[in-house]
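Here the structure comes first, spelled out in structure tokens, and everything after it is commentary.
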Amino acid sequence: MAKQTIIPFGPQHPVLPEPVHLDLVVEDETVVQAIPRIGFVHRGLEKLVEKKDYTQFVFVTERICGICSFGHSLGYSQTIEHLMGIEVPPRAEYLRVILHELSRVHSHLLWLGLGADAFGFENLFMQCWRIRERVLDIFEKTTGGRVVLSACNVGGTLYDIDDETLKGICATLDVVRREYDAILGAFLNDYSVRSRLEGVGYLSQQQARDLSIVGPFARASNVNNDVRCLRQGGYAYLESFEPIMSDGGDCLARVIVRAKEVYQSIDIIKELAAKIPAGPVMNAPKGKPAAGTQASMRLEQPRGECYYYAKGNGSMFLERMRIRTPTSQNLGGLVVALAGCDLADVPNIVLTIDPCISCTER
Amino acid sequence: MAAYQDTFTSIPLSELATLAQSKKDEGARFINIHAATVADGFVLTYTFTSNETVTDNCQVHVTADDVVPAISPLFLAAFVFENEVHDLFGINIEGIAVDFKGDFYQISIETPMAVPTKPEHATAVNTKYGATVPVKQRKGEEQ
Chain A
1 MAKQTIIPFG PQHPVLPEPV HLDLVVEDET VVQAIPRIGF VHRGLEKLVE KKDYTQFVFV
61 TERICGICSF GHSLGYSQTI EHLMGIEVPP RAEYLRVILH ELSRVHSHLL WLGLGADAFG
121 FENLFMQCWR IRERVLDIFE KTTGGRVVLS ACNVGGTLYD IDDETLKGIC ATLDVVRREY
181 DAILGAFLND YSVRSRLEGV GYLSQQQARD LSIVGPFARA SNVNNDVRCL RQGGYAYLES
241 FEPIMSDGGD CLARVIVRAK EVYQSIDIIK ELAAKIPAGP VMNAPKGKPA AGTQASMRLE
301 QPRGECYYYA KGNGSMFLER MRIRTPTSQN LGGLVVALAG CDLADVPNIV LTIDPCISCT
361 ER
Chain B
363 MAAYQDTFTS IPLSELATLA QSKKDEGARF INIHAATVAD GFVLTYTFTS NETVTDNCQV
423 HVTADDVVPA ISPLFLAAFV FENEVHDLFG INIEGIAVDF KGDFYQISIE TPMAVPTKPE
483 HATAVNTKYG ATVPVKQRKG EEQ
């Protein structure tokens, strides 16, 4: 038996934008075990629910993460609406999905760029991020910043996006699609990309089920737990929705699922923008969450299913707010995917779960 | 797919291991574990889904002295949350699949999420940790 060595990976590492630590137990060049560790930047945001009332806390949730900021405010708002029985105006539901899917496009383009950088394709990284800038420009124009903040609140959205601007968004997305078409071939067909990703970090469908993994990580192993299939909120207005699936189970399959989801999100946005109804965008909440009431909600974030839980206590403050993010759910799957891989493949495997440590360390 | 539903059920601690095994046997997907501080201890919420439509929240009341069996040997994804409730709330969980023994989070004070901010919480938590934290009345909260 070869001698076992422990190699520390992270919390600072060139492929890691955020701090996560792995103890890699290796025999020669093969990883036999990986032990993850987080907690370097834990902020205790869930505890803040005791200091911020339920309408203020939405601004805390959107600061959990810079990439899925809108998603967190949406998930939190939906949970409180479910808790208090608040009906959201249809136009707001449309706008929420449009902004959420725009966030998914920008998150996936960001991730595809980071993935390209990890497997040494720097030009592809720059192209992905160049295209992503167009989505960030849309955010800047419609919500006032490159990170979507203060757009969603309990009861609807805080402001409207007029129909002319929505047409402009669709036109910009046509440009995004054209530019994305030009680079997608490199992800799907390039020999060097395939050689780095094909067969690497394999998880079978059964393993994915047993490990309860979520998001594109699960869908790449042919496990469908895409919460959008439940057609909650604005997703109910779509003609149809079919999740993007793959049975590859490896790093390449995870890239393909995310790459195709960019097109899917563009289609969703264009469909909803074409038929968005006129009307108000906010049904302001009245009253307080009743004592002892509790509600849970799930939302498909770009990285996978996010779980929200809220409990009222009869005051403006919630008794407890819980946000379980996709990365914390996928850490178990990461550990299994890393076992048996080559040391050189560790960065790619870690990146293909699209880890977001600031979400995990909320 | 049918419309989303969430359910909440309470079970005694003694039935937790049986519940986890039955969820495993029926092929349910594990979603989450979290703890909440209550006047006389904690409530642990275990969340599963069997059909992706119903979010099934099973709640277990525990005290600071109870030993809670880990479900991570059955659902590996749960090890993150079991370490979390141990480190942040101080709940004793036995048999965690990957047990960091209190070293999962780099925390500056012991069990930060269990630090009482309400009078009714203070009794239960202070009994165990002997801490006294001043409790302030918050804006908007009724007396």
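Chains as they are written, first to last, in the numbering used here: chain A, 1 to 362; chain B, 363 to 505.
Note that the Cβ used here is the ideal one computed from N, Cα and C, for glycine as well.
If you're wondering where the values come from, they're calculated on a predicted model, not measured in any experiment.
query, result
"Test: Gln383 of chain B CB closer than 8 Å to a CB of chain A", "no"
"CB-CB length for Met475 of chain B against Phe437 of chain B, believed under 8 Å", "In fact, because the Cβ distance is near 22 Å, the residues do not count as touching under 8 Å."
"Local conformation of Leu16 of chain A per DSSP, three classes", "coil"
"Backbone secondary structure at Gly156 of chain A - three-state DSSP", "strand"
"Chain-order list of residues whose beta-carbon lies under 8 Å from that of Leu22 of chain A (same chain, five-residue window excluded)", "Pro8, Phe9, Gly10, Ala34, Ile35, Pro36, Arg37, Leu338, Val346 and Val350"
"Cβ-based burial, Ser69 of chain A [other Cβ within 10 Å; buried from 16]", "buried"
"Coil, strand or helix - Thr417 of chain B by DSSP", "strand"
"Closer than 7 Å: Gln205 of chain A CB and nearest the ligand HEM heavy atom", "Ligands in the displayed structure: none, and consequently the ligand HEM is not present."
"Reference Met297 of chain A; option with closest CA among A:Gln329, A:Cys128 and A:Thr79", "A:Thr79"
"Coil, strand or helix - Ala401 of chain B by DSSP", "coil"
"For Glu383 of chain A, three-class secondary structure by DSSP", "Limits of chain A in this structure are 1 at one end and 362 at the other, which puts residue 383 of chain A out of reach."
"Residue burial classification, Gln301 of chain A (beta-carbon count within 10 angstroms, cutoff 16)", "buried"
"Alpha carbon of Pro90 of chain A to alpha carbon of Val281 of chain A, nearest angstrom", "8 Å"
"Cβ shell of Ser246 of chain A (< 6 Å), same chain only, five flanking positions each side left out", "Ala220, Ala253, Ile256 and Val257"
"Nearest-angstrom Cβ-Cβ length linking Ile64 of chain A and Leu45 of chain A, presumed shorter than 8 Å", "6 Å"
"Three-state class that DSSP yields for Leu272 of chain A in the structure shown", "helix"
"Own chain partners of Ile169 of chain A with C-beta closer than 6 Å, once the 5 adjacent residues on each side are dropped", "Ile138"
"Residue-chain proximity (Gln294 of chain A, chain B), Cβ-Cβ < 8 Å", "yes"
"Residue-level contact to chain A via CB, Glu444 of chain B, 8 Å cutoff", "no"
"Beta carbon of Asn445 of chain B nearer than 8 Å to that of Phe370 of chain B", "no"
"Inter-residue Cα distance where the pair is Asp226 of chain A and Gln367 of chain B", "15 Å"
"Residue environment, Ala208 of chain A, which counts as buried when at least 16 other CB atoms sit within 10 Å", "buried"
"Partner residues on chain B for Ile35 of chain A, Cβ-Cβ distance less than 8 Å", "Val460"
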